[in-house]
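Colleague:
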Amino acid sequence: MSLSYDLARAESDVKNINFEQEYDELISDILAVYNLHRYTFKNAIGENSGEIVDLLIEHCKKDFFAYAALVYVLCVEAEMSNEAVLSYTTTYKQTLKKLREEAAERDALLNTKEAC
Numbered sequence: 012m013s014l015s016y017d018l019a020r021a022e023s024d025v026k027n028i029n030f031e032q033e034y035d036e037l038i039s040d041i042l043a044v045y046n047l048h049r050y051t052f053k054n055a056i057g058e059n060s061g062e063i064v065d066l067l068i069e070h071c072k073k074d075f076f077a078y079a080a081l082v083y084v085l086c087v088e089a090e091m092s093n094e095a096v097l098s099y100t101t102t103y104k105q106t107l108k109k110l111r112e113e114a115a116e117r118d119a120l121l122n123t124k125e126a127c
């Protein structure tokens, strides 16, 4: 799959998390999206780069209870340290900007190759 496709799919799944549900269901939905996409994005050496966390932060920051549920999922279910979660919250905007730019560049390159 292409990076753009993976990104669009992950963004769609994240945006479909319903903030208007009970806290336990919200946790379940966030965890399901996290687990579905946790290995989708890799860095240059093939390690999980964690952009799904950035996408979840971007979406869940809009609602206090969703953000609290996300912190619970990351710290308890995903066993991230408090420092790791705080690190994501300070860098997610730059990371997502870079990911979206890279996806657009790859698509442009792919379209150029297909045109040839």
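Residues 12 to 127 (the numbering used here) are what the sequence shown spells out, left to right.
Heads up, the beta-carbon is just placed ideally off N, CA and C, and yes, glycines get one too.
Note that the structure is a prediction, hence the values are computed from the model and not measured.
1. Roughly how many angstroms separate the alpha carbons of Tyr50 and Asp65, rounded to a whole number?
2. In whole angstroms, what separates the C-alpha of Leu14 from that of Asn122?
3. Using a Cβ-Cβ cutoff of less than 7 Å, which residues in the same chain neighbour Ala21 once the five nearest sequence positions on both sides are dropped?
4. Rounded to the nearest angstrom, what separates Arg117 and Tyr16 at their Cα positions?
5. Near Cys71, which residues of its chain fall below 6 Å by C-beta distance, leaving aside the five closest residues on each side in sequence?
Modeller: In this structure, then:
1. Cα to Cα, the separation comes out at about 13 Å.
2. Cα-Cα distance, rounded: 13 Å.
3. Within the same chain, Ala21 has close Cβ partners His48, Thr51, Ile63, Leu66.
4. Straight-line Cα distance between these residues: approximately 11 Å.
5. Close CB contacts of Cys71 within its chain, under the 6 Å cut and outside five residues either way in sequence, are with Ala77, Tyr78, Leu81 (chain order).
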